[in-house]
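One line per chain: the protein sequences are A and B, in this order.
Heads up: the first sequence begins at 397 in the numbering used here, then just goes up one per residue.
Heads up: the second sequence begins at 2 in the numbering used here, then just goes up one per residue.
Every residue, glycine too, gets a C-beta built ideally from N, C-alpha and C.
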Amino acid sequence: DAGVTQSPTHLIKTRGQHVTLRCSPISGHKSVSWYQQVLGQGPQFIFQYYEKEERGRGNFPDRFSARQFPNYSSELNVNALLLGDSALYLCASSLVRTGYNEQYFGPGTRLTVT
Amino acid sequence: GQNIDQPTEMTATEGAIVQINCTYQTSGFNGLFWYQQHAGEAPTFLSYNVLDGLEEKGRFSSFLSRSKGYSYLLLKELQMKDSASYLCAVRDNAGNMLTFGGGTRLMVKP
Numbered sequence: 397d398a399g400v401t402q403s404p405t406h407l408i409k410t411r412g413q414h415v416t417l418r419c420s421p422i423s424g425h426k427s428v429s430w431y432q433q434v435l436g437q438g439p440q441f442i443f444q445y446y447e448k449e450e451r452g453r454g455n456f457p458d459r460f461s462a463r464q465f466p467n468y469s470s471e472l473n474v475n476a477l478l479l480g481d482s483a484l485y486l487c488a489s490s491l492v493r494t495g496y497n498e499q500y501f502g503p504g505t506r507l508t509v510t
Numbered sequence: 002g003q004n005i006d007q008p009t010e011m012t013a014t015e016g017a018i019v020q021i022n023c024t025y026q027t028s029g030f031n032g033l034f035w036y037q038q039h040a041g042e043a044p045t046f047l048s049y050n051v052l053d054g055l056e057e058k059g060r061f062s063s064f065l066s067r068s069k070g071y072s073y074l075l076l077k078e079l080q081m082k083d084s085a086s087y088l089c090a091v092r093d094n095a096g097n098m099l100t101f102g103g104g105t106r107l108m109v110k111p
């Protein structure tokens with residue numbers, strides 16, 4: 397079975413631009429979470445989606461938004477990019493939303509804002 | 002609020018045992034996870050604790066004390082491939098999010 401997939405792998409954008417990152421969860425997984433990982437730090441939670449609804453939101457500005465599609469894939473959108481948005485964006489999927497369930501991480505999208 | 006602390010870096014010798022500590026102060030608790038992350042790669046799941054005590058899984062063990070807000074990851078018979086960052090993460094009560102510590106970069110030397 398394929399693991400969590402993310403696209404693109406790398407991306408370079410200019411300040412003020414908009415970016416869309418994509419994630420496909422493991423087949424059968426209905427929960428997708430997004431994390432931002434700045435170099436040298438641990439991942440920071442951005443969003444969780446379950447059954448196409450937002451179930452959790454971290455401490456990120458409204459420039460960050462996301463959605464989940466009927467096939468459970470997800471997109472993370474970031475508007476008005478800032479230099480500080482440069483990071484590795486990780487997507488994680490899990491079978492269910494709560495209870496003991498391991499989150500499986502994708503390889504990430506490395507975003508560089510110049 | 003959520004606060005998770007772990008040492009920034011540790012060094013150990015191949016074949017030895019190393020213990021990586023994690024302390025947490027969180028407004029909610031629904032389990033503690035340990036992940037391994039090699040440079041440039043995604044985190045991979047190592048262990049999960051929700052009750053006090055020790056969970057053993059091969060060369061890796063994880064311990065939790067909820068009353069002390071403390072966990073550790075124990076790695077035995079260290080191998081060079083264990084050189085990586087180790088992330089401690091706490092899940093909130095609603096089960097919606099993981100809050101990660103900054104990670105401990107472990108260097109295993111011959």
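Any C-beta of chain A under 8 Å from that of residue i
i	result
Met98 of chain B	yes
Phe64 of chain B	no
Phe30 of chain B	no
Glu1 of chain B	Outside the modelled stretch of chain B, which goes from 2 to 111, sits residue 1 of chain B, for which no answer is possible.
Ala13 of chain B	no
Ala95 of chain B	yes
Beta-carbon proximity of residue i to residue j, cut-off 8 Å
i	j	result
Gln402 of chain A	Pro503 of chain A	yes
Thr100 of chain B	Thr45 of chain B	no
Arg360 of chain A	Leu477 of chain A	Because residue 360 of chain A is not part of the residues shown, which for chain A are 397 to 510, the question remains open.
Ser86 of chain B	Ser72 of chain B	no
Ile462 of chain A	Asn473 of chain A	Checking the sequence, you will find Ala at residue 462 of chain A rather than Ile. In this structure, Asn473 of chain A lies closer than 8 Å to Ala462 of chain A by Cβ.
Spatial distance of residue i from residue j (CA atoms)
i	j	result
Gly399 of chain A	Trp430 of chain A	16 Å
Cys89 of chain B	Phe34 of chain B	6 Å
Glu78 of chain B	Gly438 of chain A	26 Å
Ile422 of chain A	Thr405 of chain A	18 Å
Ile21 of chain B	Phe460 of chain A	34 Å
His39 of chain B	Phe61 of chain B	16 Å
Arg453 of chain A	Gln444 of chain A	7 Å
Glu15 of chain B	Met108 of chain B	10 Å
Met11 of chain B	Glu498 of chain A	26 Å
Neighbour-count burial assignment, residue i, 16 or more Cβ in a 10 Å radius
i	result
Gln432 of chain A	buried
Thr505 of chain A	buried
Asn475 of chain A	exposed
Val428 of chain A	buried
Phe501 of chain A	buried
Phe465 of chain A	exposed
Any C-beta of chain B under 8 Å from that of residue i
i	result
Phe456 of chain A	no
Gly480 of chain A	no
Gln499 of chain A	yes
Gly424 of chain A	no
Phe441 of chain A	yes
Gln464 of chain A	no
**Item:** Runs of beta strand (DSSP E) lying entirely within the region 458-496 of chain A, each at least 3 residues, in chain order
**Value:** Assignment of beta strand (DSSP E) within the region 458-496 of chain A, counting only whole runs of 3 or more residues, yields 460-464, 470-474 and 483-490 in chain order.
**Any beta strand (DSSP E) of 3 or more consecutive residues that is wholly inside the region 402-435 of chain A** = 406-409, 415-420 and 427-433
**Prompt:** At what residue ranges does the region 22-53 of chain B contain a whole run of the beta strand (DSSP E), taking only runs of 3 or more?
**Reply:** 33-38 and 45-50
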